[in-house]
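Visitor: Structure provided below as C-alpha cells; questions to follow.
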Amino acid sequence: MYKFLYWGPKPFRVINGWLEHPDFLSFVETSWKSFAVHGKKAYVLKEKFKLLKDCLKKWNKEVFGFLDLNIEKTVKDLNDIENMMDGDVRDVELTRREGLNKDFWKQLHLKESLLKQKSRLRWVREGDSNSRFFLESIKSRRRKNQLVALKDGDQWVEGVVEVKGCVKNFYADYFQEKWLNRPNLNGLQFQTLSDEDNLLLMAPFSSEEVKEAIWSSDGDIIDFLHEFYNSAILPKAITASFLSLIPKKDHPQTLSDYRPICLVSSLYKILSKVLAARLKKVLGKVISTVQSAFLPNRQILDGVLVVNELIDLAKRKKDKCLMFKVDFERAYDTVNWHFLDYMMVRMGFAEGWRRWIRACVCQSSMSVLVNGSPTEEFSVGKGLRQGDPMSPFLFLIVAEGLSGLMNKAVGSGSFHGYKVNNNLMFHTLQFADDTIIVGEGNWDNLWTIKTVLRSFELVYGLKVNFFKSKLYGINLDDSFLRASSSFLHCGVDSIPFRFLGIPVGANPRRKATWLPIIDSMKKRLGVWNSRLLSIGGRVTLINSVLSSLPLYFFSFFKAPVCVLKEMVSIQRNFLWGGGMDRSKICWVSWDNICQPKDKGGLGIKKLESFNDSLLCKWKWRCLNDLSASWFNLLHFRYGSFAANFLYGEGRESLKHASIWWRDMWKTGGAEEGGWFVNNISSILGDGNNIAFWKEKWLGMEPLSELYPSLFQKSTHKDACISNMGIWNNNMWSWKLNWMEALDDADIESLNELHQLLEQVRPNRASSDRRRWSSNSDGSFSVRSTYMVLQDKRVGTTLDTNTVAQH
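Anchor point for the sequence shown: position 632 equals 683 in my numbering, and the numbering is continuous, going up by one each time.
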C-alpha cells in the first residue's frame, strides 16, 4: 500500500534524452539570452536558472508530451497510411510514411533513454532495446531505495509527515556542532605554503579554468566568479544542497543504515571545481607522504603495497610488529570547521583563500530527500559534503593533524615505528580516513596509540570506533594481543586482512584469495538475467561490469591460471545466454571474441592480458616515481629497479622476495619474451639514472649489445652516463676506461662509438626520462600495453597453428 503514498513535490531534473534533440541547445541559448535580470551576479545567475527551469518544463510538454501516448498515436498513423497504400502509392504518402517512421524511432529512443536514466544503468553504452529489462531494473531500484518506515529506538515511525519529520530532526541534530571550545596543536610542526603557492591560489579566475570545469566560458559564469573573488559571499540558494540517503545494506531499518550523500547545486559545483583544481596543485607540498589519497603521483594502492611488503619483511626477519587499523565513524560528516580553519592557518594559507572556504563550507543548509521529495530545510554546523569537489582535499588538510600528532610522538620517543633500516621507518599510513598505525609490539606504543587517538578526537571532533578497529600482530604472543585488545577496547584479527579492499599479506597464488571476486561475478549474473538482454547488452555488460569487478585485484595481484579460467567461464556462459545452473553452447572461440571489433571480434577484454597490463604500471612507476612513499622500501629490499626490469638482473634475490615482487619481476620479463623492456627507451637528461652500457638511450639497442667486446673490457659495466665523462668549463668530455688492452677490432669499434658519442652530451638542466614506445607521446598507458600484449599473443597463436598444420 505504501507505493500509493504521495511524498510531496520532487526537485527539477534534466532528462538526458533532451540533449539528443536537435533544437535543444539552441532553445536553451535563446531562452537564456532573453532573460532580463538585474542585480548582483550570483542573484542574476540564480534567477536565470529558475526561469530556464520553467521554460524547459513547458518545452518538454510541447515537444515530447506524453511519450506512451505519442508512440501510440504514431503507430496508429502508420497503420492508417499502410492501409491506404493498397493501390498506387503517391510520393506524398511515401514521404509521410518515412517521416512517421523517423518519429516512431525517435520516440522509442527517447523512451529507452528515459528508462535508462530511471534505472541508473550507466554501463549501457551501445543501447539495448529490451524495455522489459529496464522496467525490471526500475522496479528493483525503487523497491531497494524506497523508505516507507523507520525504527526510532523501539518504536516504528510510519506516514509521510511522520517519516519526513523524523528524518529532518535526526540530520538537523546530527550536523550541529556541540563542541565549540577545542584544544589546539601549537606544539606540532607542519609544512607551510610558499608565497608563490599563495599567489597561485589567489590569482584571478580565468575563462580557461571555467572551461575546464564546465566545458564553457559563459560570460554570466565568469562574472559570477569575479564577484565571488572580490566579495567571498554566496547566496543561500547556491550553498543549499539536498541530502540523498543511499542504503548501505539490504532492508535498512534505521537512519544509521543509510549513507548520506550531498547533492550540491550546479552553480556551486562550478565554483568548487575551480577552487579544487587550484588546491590540488599546491596541496602535495603540505600533506605528508604517508597520505596517498587524491593528490598527483599518489595512488590508492601505494599504502596497500607498503603494508603488504612490511608484513612479508617482518615475517622473514622475525620482527615483532604491531598494526592497528583505525575505524573512524562517518569521518566527513564530523569535520569541525574551526579545526579546518586552524589547520589552514598553520599551513600558511592566505586569509583571502580561507574566506572563500568559509563562504563555501561554513554557510550551508540542507534538506533531506525522502523518496525523492525534500524535507524542510535546516542549517548545518559541521562536516564536509560528500559530493562537493573540494571536500576530499579539505579533508586531507584536517587529517594531516593526525600525521602531525604521530610525528610528534615518534620525534619525542613515545612511539617506535617499524624500522626497516637506520634511515627508513614507517609509523602511519593513510588514505583519507582509512588509517593503519604500524610499530613495535610493546606497551609504550599501545599507550601512545590510545593517547594520540583520544587527543585527535578532542581536537578534530571525529569519533574513533574502537569496537570496529582491529589489531594485528606479527610474531607477537596471543596473550599480549588479548591484553592489548582489552586495553584498546578493539578486536584482534589475523593476517591476511583487508586494507582498502585488498587482502594484504595474502597469497595471490591461492584460489581462496580470489573467491570474493568470483562470488561477486556470480552474484551479478543472478541480478542481471541474460535472457532479458540482447547480445549487444550482454557484451556491454561484460566489458563495463564483469571485466571491471576484478580490475582492482588485477591492479595489484597476478591472477593464477585456475582463477582466470573460472572468470572466463563465467563471462562466456553469460555471453551465450546461460545462467547459474546451466551452460550454453559457445559458437565462437573466446580468443576470437576478445579481438577488437575492427578485427572481427566483440572487443571483450582478455583477462590475462588485462592483468599483465595493469601490473606493468607498477614496473613503470618503479622506474619513474622516484619520490613515492613506497620507493625507498622496495629499493632497500630489491635494489635498483633498472637492474631488475631493464637489465634482467635480480633473479638470485627472488627467493628472499615477497610473492608480489616475484610476480612483478617475471611479468614482461625474459621468460615472457622480454616485451616490457623491448618497449622502453631512455631519454638522456643529466645522465644520473641511465646506465651507459645497458640501456637503450643511443639508438634502438643497448651499447652492450652493439659493442659486446668493448662492454666486456669496460672498467665500469654498471656505470651511469654521468660517470662516463667529466664537465670542464661547461664542456663535456667522454672518458671510457678499460680493464685490458684493446685489439685492432676493438679500436675500430671504439672509433665508431666515439663518432656516435660526439653527437650527444648530458644536460644538467633536465632529468633523465623513460619513454614507452607503444604510445605516441611516450607516456605509459594500460591501454597501449594491452594492445601490445594482444598483438603479441595473437601472433604467437597464429605461429603455433601454422606449425601444427604443417
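Think of the CB as a built atom: it goes at the ideal place given N, C-alpha and C, for glycine as much as any other residue.
#1: Are the Cβ atoms of Leu314 and Met441 separated by less than 8 Å?
#2: Could you say which of Ile312, Gln350, Leu76, Phe400 lies nearest to Leu244 if we only look at CA atoms?
#3: Using C-beta distances below 6 Å, list every residue in its chain close to Lys202, excluding the 5 sequence neighbours before and after it, in chain order.
#4: Here's a check: name, in chain order, each residue in its chain whose Cβ is nearer than 6 Å to the Cβ of Tyr57, leaving out the five neighbours to either side.
#5: Taking only the alpha-carbon atoms, compute the straight-line gap between Ile553 and Val355 and give it to the nearest angstrom.
#6: Give me, in chain order, the residues of the same chain whose beta-carbon lies closer than 8 Å to that of Ser317; leave out the 5 immediate sequence neighbours on both sides.
#7: Between Asp484 and the ligand SAH, is the CB less than 7 Å from at least one heavy atom?
#8: Taking the alpha-carbon of Ala450 as reference, which of Val503, Val471, Trp716, Gly490 has the nearest alpha-carbon?
#9: According to the neighbour-count rule (16 or more other Cβ atoms, all chains shown, within 10 Å of its Cβ), is Leu674 buried or exposed?
#10: Distance check for Lys299 and Ala200, CA to CA, integer angstroms please.
#11: Is Asp179 helix, strand or coil when you go by DSSP?
#12: Which residues in the same chain have their Cβ closer than 8 Å to the Cβ of His277, if we skip the five residues on either side of it in sequence?
#13: With 16 as the cutoff for other CB atoms within 10 Å, does Arg864 come out buried or exposed?
#14: Since Ser418 sits in a beta bridge, which residues does DSSP pair it with?
#15: With DSSP run on the structure shown, which of helix, strand or coil describes Met441?
#16: Looking at C-alpha atoms only, which residue of Leu509, Lys112, Ile321 is the closest neighbour of Thr385?
#17: Given that a residue counts as buried once 16 or more other Cβ atoms are within 10 Å of its Cβ, and exposed if not, what is Lys514?
#18: Looking at the structure shown, is Glu278 part of a helix, part of a strand, or coil, going by DSSP?
#19: Starting from Trp785 and walking both ways along the beta strand (DSSP E), at which residues does that stretch end?
#20: Bridge partners of Leu480, per DSSP?
#21: For my contact list, Ser418 and Phe293 are in at a C-beta cut-off of 8 Å; report their separation, rounded to the angstrom.
#22: Contact check, Phe727 vs Gly720 under 8 Å by CB: the rounded distance?
#23: With the cut-off set at 8 Å, would you say Lys376 and Ser520 are in Cβ contact?
#24: Could you check the C-alpha separation between Asp794 and Ile731 for me, to the nearest Å?
#25: Nearest-angstrom Cα distance between Trp565 and Val614?
#26: In three-state terms, what does DSSP make of Asp737?
#27: I'd like the span of the beta strand (DSSP E) that includes Trp823, first residue to last.
#28: Do three or more CB pairs link the stretch 213-221 to the stretch 424-438 at distances below 8 Å?
#29: Count the other C-beta atoms from every protein chain shown that fall within 10 angstroms of the C-beta of Glu703, then say buried if there are 16 or more, exposed otherwise.
#30: Could you give the DSSP three-state label for Met775: helix, strand or coil?
#31: Per the DSSP calculation, Asp203 is bridged to which residue(s)?
#32: Pull up the distance between the alpha-carbon of Ile289 and that of Asn643, whole angstroms please.
#33: Give the straight-line distance between the Cα atoms of Ala291 and Arg409, rounded to the nearest whole angstrom.
#34: Of the residues Ala796, Asp649, Asn220, Lys84, which one's Cα is nearest the Cα of Leu103?
#35: According to DSSP, Leu314 sits in a beta bridge with which residue or residues?
#36: I need the DSSP call for Met751, collapsed to helix, strand or coil.
Guide: On the basis of the coordinates in this document:
#1: no
#2: Phe400
#3: Gln304, Thr305
#4: none
#5: 7 Å
#6: Phe100
#7: You won't find the ligand SAH in this model; it holds no ligand whatsoever.
#8: Val503
#9: buried
#10: 16 Å
#11: Residue placement at Asp179 is poorly supported in this model, since its pLDDT is 49, which falls under 50; the coordinates still yield a value, given next. Coil, per DSSP.
#12: Lys92, Pro255, Phe256
#13: The chain is shown from 52 up to 857; residue 864 falls before or after that span and cannot be answered.
#14: Phe293
#15: coil
#16: Leu509
#17: exposed
#18: helix
#19: 782-785
#20: Ile487
#21: 6 Å
#22: 7 Å
#23: yes
#24: 33 Å
#25: 7 Å
#26: coil
#27: 820-823
#28: yes
#29: exposed
#30: coil
#31: Gln206
#32: 53 Å
#33: 14 Å
#34: Lys84
#35: Phe293
#36: coil
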